[in-house]
């Protein structure tokens, strides 16, 4: 009688068991990525970032003038929120916050991957000052691993973040949809204003990336180009189903 009952329960609720297994695997995978990124970021903080910031230590803004570090922060935040969502699966605030973090991480890391490496290969002094030495392992941590991991996770392991119209569904807004472009554009405007304010208030002007040390119109052309690249790669990263 008991064996028959156990069989009937397992037959009646197969999705529960498979859902738990998948949830545990996803939790372990996200936790492993989070630990890796935090461990490496902590190590790099005392190696390359400190030397990189040596010439800018009296500047307003500090390390957060770098788009690279914004991307790293949003990537780490995304995987941290994924782990928390696995534990507190009924929290709409955590779920929505993870969506927004993931959206910004995809847009920013896409720009970092697509813009940094071609420039670094063609002319490294365009992205890193000539008197700053950064090791390959630190370079990969800052400009490769976060973007690669967030994109692979989104394409192969995550559900669609936005629909075909670019709309993001948020539970905290009574399941209303907000266009994903709003979040990316607002961050782009904030970052542009912050860079211009913190970099041009000194004489001579000191920009976080050497390729920005050009005329005003040229810089804004770069800002707008990067914004469109981020929006395009965000759409491109969405799985088909």
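Residue numbers (the UniProt record's numbering): 1 to 241. Ideal placement from N, C-alpha and C gives every residue a C-beta, glycine not left out. Here the structure is a predicted model, which means the values were calculated and not measured.
Query raised in the report: So what does DSSP say about residue 169, is it helix, strand or coil?
Result: One-based indexing of the chain shown puts residue 169 at position 169. In the structure shown, residue 169 sits in a strand (DSSP, three-state: E or B).
Query raised in the report: Can you name, in chain order, every residue of its own chain whose Cβ lies under 6 Å from the Cβ of residue 226, other than the five neighbours on each side?
Result: The residue labelled residue 226 in the question sits at position 226 within the chain shown. Closer than 6 Å at Cβ, skipping near neighbours: 111.
Query - contact_flag[the segment 212-227, the segment 185-196] where n(CB pairs < 8 Å) is 3 or more - result: yes
Report task. Go through its chain and collect everything with a Cβ distance to residue 92's Cβ below 6 Å, but skip five positions before and after it. Result -> Position 92 of the chain shown, counted from the first residue, corresponds to residue 92. Only 171 and 172 meet the Cβ criterion.
Query - Straight-line gap, residue 95 to residue 130 (C-alpha atoms, nearest Å) - result: Taking the chain shown and counting its residues from 1, the one referred to as residue 95 is at position 95. Taking the chain shown and counting its residues from 1, the one referred to as residue 130 is at position 130. Cα to Cα, the separation comes out at about 43 Å.
**Report entry** Cα-Cα separation, residue 230 to residue 30
**Finding:** On the chain shown, residue 230 is found 230 positions in, with the first residue counted as 1. On the chain shown, residue 30 is found 30 positions in, with the first residue counted as 1. When rounded, the distance between both Cα atoms is 24 Å.
Requested in this report: Look at the Cβ atom of residue 86, then the Cβ atom of residue 155, and state whether they are nearer than 8 Å.
Outcome: Position 86 of the chain shown, counted from the first residue, corresponds to residue 86. Position 155 of the chain shown, counted from the first residue, corresponds to residue 155. No, they are not a contact pair.
Requested in this report: Enumerate in chain order the residues of its own chain whose CB-to-CB distance from residue 160 is below 7 Å, with the five nearest sequence positions on each side excluded.
Outcome: Counted from its first residue, the chain shown places residue 160 at position 160. Cβ within range, chain order: 238 and 239.
Requested in this report: Pick out whichever of 126, 114 and 158 has its Cα sitting closest to the Cα of residue 209.
Outcome: Taking the chain shown and counting its residues from 1, one reaches residue 209 at position 209. The option with the nearest alpha carbon to residue 209 is 126.
Query raised in the report: Below 8 Å between beta carbons: does that hold for residue 97 and residue 80?
Result: Stepping through the chain shown from its first residue, residue 97 is reached at position 97. Stepping through the chain shown from its first residue, residue 80 is reached at position 80. No, they are not a contact pair.
Requested in this report: State the DSSP-derived secondary structure class of residue 160, mapped to helix, strand or coil.
Outcome: Residue mapping note: residue 160 aligns to position 160 of the chain shown, counting from 1. It is coil, neither helix nor strand.
Requested in this report: Would you list the residues sitting across from residue 178 in a DSSP beta bridge?
Outcome: Position 178 of the chain shown, counted from the first residue, corresponds to residue 178. Note: residue 178 sits in a beta bridge opposite 168.
**Report entry** Beta-carbon contacts of residue 78 that lie in its chain and below 8 Å, excluding the five residues immediately before and after
**Finding:** Counted from its first residue, the chain shown places residue 78 at position 78. If we look at residue 78 and ignore the five residues flanking it on each side, its Cβ neighbours are 98, 101, 102, 105 and 150.
Requested in this report: Alpha carbon to alpha carbon, how far is residue 65 from residue 42? Give it in angstroms, no decimals.
Outcome: Translated into the one-based positions of the chain shown, residue 42 becomes position 42. Translated into the one-based positions of the chain shown, residue 65 becomes position 65. Each residue's alpha carbon lies about 18 Å from the other.
Report task. To the nearest angstrom, report how far apart residue 21 and residue 228 are at their CA atoms. Result -> The residue given as residue 21 occupies position 21 in the chain shown. The residue given as residue 228 occupies position 228 in the chain shown. Approximately 39 Å, taken between the alpha carbons.
**Report entry** Distance, residue 175 Cα to residue 135 Cα
**Finding:** The count along the chain shown starts at 1 and reaches residue 135 at position 135. The count along the chain shown starts at 1 and reaches residue 175 at position 175. For residue 135 and residue 175, the distance between alpha carbons rounds to 46 Å.
Query raised in the report: What do you get for residue 74, buried or exposed, if any count of 16 or more other CB atoms within 10 angstroms of its CB means buried?
Result: Position 74 of the chain shown, counted from the start, is the residue given in the question as residue 74. The residue is buried, with at least 16 neighbouring Cβ atoms inside 10 Å.
Query raised in the report: Helix, strand or coil: how does DSSP classify residue 85 here?
Result: Locating residue 85 in the chain shown gives position 85, counting from the first residue. In the structure shown, residue 85 sits in a helix (DSSP, three-state: H, G or I).
Query raised in the report: Is DSSP giving residue 200 helix, strand or coil here?
Result: To locate residue 200, count along the chain shown from 1; it is residue 200. Of the three classes helix, strand and coil, the one that applies to residue 200 here is helix, per DSSP.
Requested in this report: Count the other C-beta atoms from every protein chain shown that fall within 10 angstroms of the C-beta of residue 121, then say buried if there are 16 or more, exposed otherwise.
Outcome: What you label residue 121 is simply residue 121 of the chain shown in a count that begins at 1. Label assigned to residue 121: exposed.
Query raised in the report: Looking only at its own chain, which residues have a Cβ that is under 8 Å from the Cβ of residue 177, when we skip the five neighbours before and after it?
Result: Translated into positions along the chain shown, residue 177 becomes position 177. Hits under 8 Å: 163, 167, 168, 169 and 170.
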